[in-house]
Amino acid sequence: MELSNILVISPEVERALYENKPVVALESTIISHGMPYPKNVETALNVEKIVRENGAVPATIAIIGGKLTVGITPEEIDYLGKKGLKVTKSSRRDIPVLISRKEDGATTVAATMIIANLAGIKIFATGGIGGVHRGAEITMDISADLEELATTNVAVVCAGAKSILDLGLTLEYLETQGVPIIGYQTEELPAFYTRESGFKVNYRMDSPSEIAAMLKAKESIGLKGGTVITNPIPAQYAMDKDVIDKAIDHAIDKADRLGIKGKDITPYLLDKIQKITDGKSLEANIQLVYNNAKLGAEIAKELCK
1 MELSNILVIS PEVERALYEN KPVVALESTI ISHGMPYPKN VETALNVEKI VRENGAVPAT
61 IAIIGGKLTV GITPEEIDYL GKKGLKVTKS SRRDIPVLIS RKEDGATTVA ATMIIANLAG
121 IKIFATGGIG GVHRGAEITM DISADLEELA TTNVAVVCAG AKSILDLGLT LEYLETQGVP
181 IIGYQTEELP AFYTRESGFK VNYRMDSPSE IAAMLKAKES IGLKGGTVIT NPIPAQYAMD
241 KDVIDKAIDH AIDKADRLGI KGKDITPYLL DKIQKITDGK SLEANIQLVY NNAKLGAEIA
301 KELCK
């Protein structure tokens, strides 16, 4: 099976890559598993709009009918949004199965990195990366996102790791794998819904050009693996730390009692937290994704200079 028969790149994205124009990869799990319809579709289209407004070409990635599709259409975004949880949440392990069965898949951070790398896209903007789950010393529940960051040469712009995770252990894992963790205009690791976590990033960088220079240096010496570029949620949308921590603790306790595990745990927790906070966490989630899309476009532009 030839890669050219599996990898489908939209004409707009393919042209931009050929002409060395900035391109930003975007994931599709946020469409099918991140929020309800039609809010999911509205958000995904707005993210693409923000990337365009900031001078880059958006490339939302998904698996459509077994094809690794880079730059899905608005109609395909709507299709994934309506299908929702019936779409397979796709990480590395799921990709070959979905290809062989000619099925649909909404790509996680790990799967989006893999497909973006195949297409030659170097910048990917998302909400938050996965990581080491709380209690992983017993469950061994560690997101495949971290292993992908250790091996795949794509820089991920995010608002830190999702705060439902064990942030300290997530940082330790990334450090062991040699993944640089950059704070955009901050020395503090953002915690998704909040701007601070109590943990430090490896390096603070204050401009997209500084980040792009570092990425070029990394590429020039052949260092494998990705880079985590953390971008704090805008202050006006950040949640109160005590409020969100209580909501997370309550949601995790409920998930434990229901026996929810594996790939189902993150969508369940995000949905539960949204209900506990009367939708405030969902609005925060949306705003931080918009913020990351803007920074991703700015870095992508600098990389093309």
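Read left to right, the sequence shown gives residues 1 to 305 (my numbering). Backbone N, C-alpha and C fix where the C-beta goes; we use that ideal spot for every residue, glycine too. It should be emphasised that the depicted structure is a prediction, and the values quoted were computed from it without experimental measurement.
Counting along the chain, the unbroken alpha helix (DSSP H) around isoleucine 252 starts and ends at 241-258. Contact between threonine 277 and alanine 247 holds, since their C-beta atoms are separated by about 5 angstroms, short of 8 angstroms. Counting only runs of 4+ residues, the alpha helix (DSSP H) found wholly inside the region 144-211 occupies 144-151 and 167-176, in chain order. A straight-line Cα-Cα distance of about 7 angstroms links serine 100 and glycine 66. Judged by DSSP secondary structure, leucine 223 falls outside any alpha helix (DSSP H); it is assigned neither H nor E. Beyond the five residues adjoining it in sequence on each side, isoleucine 273 comes within less than 8 angstroms, by CB distance, of Ile164, Ile244, Ala247, Ile248, Ala251 and Ser281 in the same chain, given in chain order. In this structure, valine 289 places its C-beta atom within 8 angstroms of the C-beta atom of threonine 43. Here asparagine 291 is near isoleucine 233, since their CB atoms are less than 8 angstroms apart. Glycine 128 is a Cβ neighbour of cysteine 158, given a cutoff of 8 angstroms.
The beta-carbon separation of lysine 301 and proline 22, rounded to 5 angstroms, stays under the 8 angstroms limit for a contact. Inter-residue distance for isoleucine 31 and threonine 170 is about 25 angstroms (C-alpha atoms, whole angstroms).
The beta-carbon separation of isoleucine 221 and isoleucine 182, rounded to 17 angstroms, does not stay under the 8 angstroms limit for a contact. In this chain, the beta strand (DSSP E) harbouring lysine 89 covers 88-90. As the crow flies, the alpha-carbon of asparagine 285 is around 8 angstroms from that of phenylalanine 192. Note: histidine 133 is bridge-paired with Leu165 in the DSSP secondary-structure output. Alanine 25: member of the beta strand (DSSP E) spanning 23-26, first to last residue.
For proline 208, the CB contacts under 8 angstroms within the same chain, skipping 5 residues up- and downstream, are Leu295, Glu298, Ile299, Lys301 and Glu302 in chain order. Contact between isoleucine 142 and alanine 136 holds: CB atoms are separated by about 6 angstroms, below the 8 angstroms threshold.
With contacts defined by Cβ atoms closer than 8 angstroms, valine 70 and alanine 56 do not form a contacting pair. For lysine 67, the three-state secondary structure derived from DSSP is strand. For glycine 262, the three-state secondary structure derived from DSSP is helix.
Collapsing the DSSP output to three states places glycine 128 in coil.
The alpha-carbon of aspartate 145 is positioned some 11 angstroms away from that of tyrosine 173. For glycine 296, the uninterrupted alpha helix (DSSP H) run begins and ends at 280-303, by DSSP. A distance below 6 angstroms between beta-carbons, with the five flanking residues on each side excluded, links glutamate 27 to the following residues of its chain, in chain order: Thr107, Thr112 and Thr126.
The residue among Glu14, Ile138 and Glu19 with its C-alpha nearest the C-alpha of isoleucine 72 is Glu14. For threonine 29, the enclosing alpha helix (DSSP H) begins and ends at 29-32. Scanning Asn231, Asp264 and Gly262 for the CA closest to the CA of valine 201 turns up Asn231.
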